[in-house]
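**Student:** Quick mapping for you: the protein sequence lines, in order, are chains A and B.
Be aware that the first sequence starts at 739, since it is given in this note's numbering, and climbs by one per residue.
Be aware that the second sequence starts at 836, since it is given in this note's numbering, and climbs by one per residue.
Where is the CB? At the ideal position from N, CA and C, for every residue including glycine.
The structure displayed is predicted, hence computed values, not measured ones.
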Amino acid sequence: MKLLTVTTRYYLLLFFLILGVWSLVFYFVLKGQVYQNSDEVLLNRKNQILSIVRRTRQIPAPDDPYNDFVIHPLTRTRISSLPRNDQYSDTLIYEPTDQEFDEYRKLKTAFTLQGQPYEVVIFKPRLESTEMINTLSITLPLLYVVLVIGLVVTSRKLSKSIWQPFYTALLQLQQFRIDQESPLALPATSIEEFKELQESVTELTGRSQEMYGQQKQFIENASHEIQTPLAIIQSKLELLLQHPINEQQAAILSDIGSATERLSKLNSALLLLSKIENNQFTDRTSVLLKPMVEQILTYFEEQAEKYQLLVKVDIPEDAHVHTNPALAEILLTNLIKNAFVHNITGGRVQIRVMNRTIHIENSGEPLEVPAYTLFKRFHKQSNTKGGLGLGLAIVKAICQVNKWKVQYTYQNKSHQMLVSY
Amino acid sequence: MKILIVEDEVPLLESMEAYLKNEHYLVERATNYQEGSFKIHLYEYDCILLDIGLPDGNGLTLLEELKACRQKAGILIISAKNSLDDKITGLDLGADDYLTKPFHLSELNARLDDVLRRKKFDTNTAIEIANLHIDLSRRTAKVEENNLNLTKKEFDILLHLVANKTRVVTKTSLAENLWGDHVDQVDSFDFLFAHIKNLKKKLSEANASIEIHNVYGVGYQLVEL
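(1) On the CB-based measure, 16 or more other CB atoms within 10 Å of its CB, does B/Glu942 come out buried or exposed?
(2) With DSSP run on the structure shown, which of helix, strand or coil describes B/Asn867?
(3) Nearest to A/Ser1002 by CA position, among B/Ala915, B/Arg905, B/Lys856 and B/Asn867, is which residue?
(4) Which ranges would you report for the alpha helix (DSSP H) in the region 997 to 1055 of chain B if only whole runs of at least 4 residues count?
(5) So which residues of chain A does B/Gly1054 contact, with C-beta pairs closer than 7 Å?
(6) I think A/Gly1102 touches A/Asn1072, with their Cβ atoms under 8 Å apart; what is that distance to the nearest whole Å?
(7) Please report whether the beta-carbon of B/Lys1036 lies at a distance below 8 Å from any beta-carbon of chain A.
(8) Run down chain B in chain order and give the residues with a C-beta less than 8 Å from the C-beta of A/Gln1033.
(9) Below 8 Å on C-beta distance, what does B/Leu847 contact in chain A?
(10) Under 8 Å Cβ-Cβ, which residues of chain B neighbour A/Lys1003?
(11) Taking the alpha-carbon positions, what's the B/Thr866 to B/Glu842 distance?
(12) Can you tell me whether A/Phe839 is buried or exposed, with buried defined as 16 or more other CB within 10 angstroms of its CB?
(13) Among the residues of its own chain, which have a CB less than 7 Å from the CB of A/Leu1126, if the five just before and after it don't count?
(14) Since B/Ser972 meets chain A, which of its residues come closer than 9 Å, beta carbon to beta carbon?
(15) Could you say if the region 1082 to 1090 of chain A and the region 1137 to 1149 of chain A meet the contact criterion of at least three C-beta pairs nearer than 8 Å?
(16) Does B/Leu993 come within less than 8 Å of chain A when only Cβ atoms are used?
(17) Counting along the chain, where does the alpha helix (DSSP H) carrying A/Glu1043 start and finish?
(18) Pick out whichever of B/Asp881, B/Ile964 and B/Gly929 has its Cα sitting closest to the Cα of B/Glu899.
(19) Alpha carbon to alpha carbon, how far is B/Gly909 from B/Leu993? Give it in angstroms, no decimals.
(20) Are there three or more Cβ pairs, one per stretch, closer than 8 Å when the region 1037 to 1045 of chain A is compared with the region 974 to 990 of chain A?
(21) Using the DSSP secondary-structure output, state which residues sit across from A/Thr1023 in a beta bridge.
(22) Return the residue from the list A/Gly944, A/Leu979 and A/Ala907 that minimises the CA-CA distance to B/Glu1008.
(23) In the DSSP assignment, the beta strand (DSSP E) including A/Leu1048 goes from what residue to what residue?
(24) Which class does A/Ile957 belong to by DSSP, given the choice of helix, strand or coil?
(25) Starting from B/Pro937, find everything on chain A with Cβ-Cβ shorter than 7 Å and list it in chain order.
(26) Using DSSP bridges, identify the partner residues of A/Glu1099.
(27) 8 Å is my cut-off, CB to CB: does B/Leu940 come that close to chain A?
(28) Just mark A/Asp828 as buried or exposed, buried being the case when its beta carbon has 16 or more other beta carbons within 10 Å.
(29) Measure the alpha-carbon distance for A/Leu1112 versus B/Asn1033 and round it to whole angstroms.
(30) Which value, in whole angstroms, describes the spacing of the CA atoms of B/Leu877 and B/Arg1002?
(31) Less than 7 Å separating the Cβ of B/Cys904 from some heavy atom of the ligand NAD?
(32) Which chain A residues sit within Cβ distance under 8 Å of B/Glu844?
(33) Just checking: is the beta-carbon of A/Glu1015 within a distance shorter than 8 Å of some beta-carbon in chain B?
(34) Can a CB atom of chain B be found closer than 8 Å to the CB of A/Gly995?
(35) When Cβ atoms are compared, which residues of the region 915 to 949 of chain A fall closer than 7 Å to chain B?
(36) Mind listing, in chain order, the continuous beta strand (DSSP E) runs of no fewer than 3 residues lying wholly within the region 840 to 880 of chain A?
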């Protein structure tokens, strides 16, 4: 859910609660005002009536239709027990003209005239509660609707304009690759938070790029520096072999030799990997696939013979890729090598090119490791095959610099590598 | 034959020197650019082994100098950079071959042999050893008049062993010579063993007066009987 939707929802809920409470408060305050007002009117009217009665010493006729009050003598009440206070209360009075009960406020009070106690009840129509409620229940929801629309529209607009720097930064981050050369280019903004975000993001990505660059450079330099001592070890070993040695010594030298060789291959593979990642293979040309695959296959003749492998090649004469020839050869070699090495006796290797995809398929036991680790460095299937664990990492790196896609699947007891170029 | 090695890593230089002296080459050394440049201008060599990464200058510049003073020497570049650019530039500037560190001394020797042969005997591309005759251009080997009918790989093995005759050539060096980085070590040693077995058989059947010895599983050695 979008941030703005969430905040809008909270605002709407808040508005709803505020308006709910507000309508109650408003109703009661209004009602209080109405009462206060009618009671004031009643009190004034009472004082007026009483002053007229005291002045004229006459009680008005009780059934005068022009009067808004009634006065009647209290017969069984003693003067001392007369209520001293005015009594205000609500009442309903039937209005014959519109045939309904209307809400009235009445004031009941007592007074004495010439020793005779009287009771006077004054009636005044009052603003009706139902009227008030009706008004509130129309105006407040209307206000709510206006607020909702206003809020939604504003937040839509806001998300398009004010949030623009945020979305730009987000897009750039999504597309950010640590090995890209250029720093992030974020548009200028006047909003403090976005400015801080941009600064942090730019600094973070910049630092990562720098670190990554240093790391890459370090690997390349380190691998490079390792070459010379390796060359020295290897040459000294060879010199030592020229001297008369016994079988035990030969075995030791042989082990040292294999280890050195392994180290040297590992080192050159790492060097190659960092060179690919450093984009040092820039010369591109059109590379015909068929002759290259056939050339590579000659290196695996013994392997095919030993394990009785059936090798099938189906590549159109004109199938070609546009890339650096050395990289194309390394990619194909690594994939074909895997197809031979991770095979079974009496198995098969099939190499096809169609729809701008190179299919390399071979029979073999299922993977012992999860497929997603295949292209990671030093994740190898088993130690018995003597591989370095860098072959597929190199394949992936080559695909990345060429913007190709490489995919692995295991179906019908065969491994399939697809390179879409 | 006079060889100049320009290499700043003295232990490596000494290894090359020792190996090549045993092949009866006259070996001189230069451990930096200055010295290399000085010797190039002063003396004539049959071949120069040139390390590109020198502390006081680029070996490629030395190569240009060399060309300028019209030395006829063959040039074998040795580099720690397995970089194609350097290789191409080097070969463009007139180097005859290119070798990447780390390398096998036997490989260096074979390449050196090859460079010298190409420089000296452009027309005659044959090697005679004992009663064995190797035709390099047609890639065939004969014992007296009997053609050995070697496969491509058997021929390559024989050539490598002949270039380093009487020396122990390691299995890894031979395997690398045949397959480069293509096959993994375990299997390629088996294949190598099979090829060598066939080669031995063909040599003995043709009564060749050379023999391939297995040196305790470390490597192989070609000896004249």
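**Tutor:** So, to answer that:
(1) Residue 942 of chain B sits at position 107 when you count from the first residue of the second sequence. By the neighbour-count rule (16 or more Cβ atoms within 10 Å), B/Glu942 is buried.
(2) The residue given as residue 867 of chain B occupies position 32 in the second sequence. Here B/Asn867 sits in coil by DSSP.
(3) Taking the first sequence and counting its residues from 1, the one referred to as residue 1002 of chain A is at position 264. Nearest option by C-alpha distance: B/Ala915.
(4) 1006 to 1014 and 1020 to 1040
(5) The residue you call residue 1054 of chain B lines up with position 219 of the second sequence. Here the neighbours are Leu979.
(6) Residue 1102 of chain A sits at position 364 when you count from the first residue of the first sequence. Residue 1072 of chain A sits at position 334 when you count from the first residue of the first sequence. Not confirmed; about 16 Å, so no contact.
(7) Working through the second sequence from its first residue, we reach residue 1036 of chain B at position 201. Chain A contact via Cβ: absent.
(8) Reading the first sequence from its first residue, position 295 is the one you call residue 1033 of chain A. Within 8 Å of the CB of A/Gln1033, no CB atom of chain B is found; the nearest one sits about 11 Å away.
(9) Position 12 of the second sequence, counted from the first residue, corresponds to residue 847 of chain B. Per Cβ cutoff of 8 Å: Thr966, Ala969, Ile970 and Ser973.
(10) On the first sequence, position 265 is the one that residue 1003 of chain A refers to. Per Cβ cutoff of 8 Å: Asp1016.
(11) By one-based count along the second sequence, residue 866 of chain B stands at place 31. By one-based count along the second sequence, residue 842 of chain B stands at place 7. Distance between the alpha carbons of B/Thr866 and B/Glu842: 5 Å.
(12) Here residue 839 of chain A is taken as the residue at index 101 of the first sequence, counted from 1. Classification of A/Phe839: exposed, given that the 10 Å Cβ count is below 16.
(13) For this step, residue 1126 of chain A is matched to residue 388 along the first sequence. Closer than 7 Å at the Cβ level, and outside the excluded window around A/Leu1126, lie Lys1003, Leu1004 and Ala1007.
(14) Along the second sequence, read from residue 1 onward, the residue named residue 972 of chain B stands at position 137. Ordered by position in chain A, no residue passes the 9 Å Cβ test against B/Ser972, which lies about 21 Å from the chain.
(15) No: the two stretches stay apart, fewer than three of their Cβ pairs being nearer than 8 Å.
(16) Sequence index remark: in the second sequence, residue 993 of chain B carries index 158 (1-based). Taking Cβ atoms only, chain A never reaches closer than 8 Å to B/Leu993, which makes this a no.
(17) As a position in the first sequence, residue 1043 of chain A is number 305, starting the count at 1. A/Glu1043 -> alpha helix (DSSP H) spans Glu1039 to Lys1044.
(18) If you number the second sequence from 1, residue 899 of chain B lands on position 64. Cα-wise, what sits closest to B/Glu899 is B/Gly929.
(19) For this step, residue 993 of chain B is matched to residue 158 along the second sequence. For this step, residue 909 of chain B is matched to residue 74 along the second sequence. If you take the alpha carbons of B/Leu993 and B/Gly909, they lie about 24 Å apart.
(20) no
(21) Working through the first sequence from its first residue, we reach residue 1023 of chain A at position 285. DSSP, once it has assigned bridges, lists A/Thr1061 as partnering A/Thr1023.
(22) For the purposes of this step, residue 1008 of chain B is taken as the residue at position 173 of the second sequence. Contrary to the premise, residue 1008 of chain B reads as Ser rather than Glu in this sequence. The option with the nearest alpha carbon to B/Ser1008 is A/Leu979.
(23) Residue mapping note: residue 1048 of chain A aligns to position 310 of the first sequence, counting from 1. From DSSP, the beta strand (DSSP E) with A/Leu1048 extends over Leu1048 to Asp1052.
(24) By 1-based counting over the first sequence, the position of residue 957 of chain A is 219. The answer is helix: DSSP assigns A/Ile957 an H, G or I state.
(25) For the purposes of this step, residue 937 of chain B is identified with residue 102 of the second sequence, where counting begins at 1. Those within 7 Å of B/Pro937 in chain A are Gln965, Leu968, Ala969, Gln972 and Ser1002.
(26) Walking along the first sequence from the start, residue 1099 of chain A turns up at place 361. A/Glu1099 is bridged to A/Gln1088 and A/Gln1154.
(27) The count along the second sequence starts at 1 and reaches residue 940 of chain B at position 105. By this cut-off, B/Leu940 is an interface position.
(28) Within the first sequence, residue 828 of chain A is the residue found at index 90, counting from 1. It counts as exposed.
(29) For the purposes of this step, residue 1112 of chain A is taken as the residue at position 374 of the first sequence. For the purposes of this step, residue 1033 of chain B is taken as the residue at position 198 of the second sequence. Their backbone Cα atoms lie some 38 Å apart in a straight line.
(30) Here residue 877 of chain B refers to the residue found at position 42 when the second sequence is read from its first residue. Here residue 1002 of chain B refers to the residue found at position 167 when the second sequence is read from its first residue. Cα to Cα, B/Leu877 sits roughly 33 Å from B/Arg1002.
(31) This structure lacks the ligand NAD; in fact it carries no ligand of any kind.
(32) Counting from one through the second sequence, the residue named residue 844 of chain B turns up at place 9. Correct list: Thr966, Ala969 and Ile970.
(33) For the purposes of this step, residue 1015 of chain A is taken as the residue at position 277 of the first sequence. Closer than 8 Å to the CB of A/Glu1015 there is not a single CB belonging to chain B.
(34) The count along the first sequence starts at 1 and reaches residue 995 of chain A at position 257. A/Gly995 counts as touching chain B.
(35) none
(36) 854 to 863
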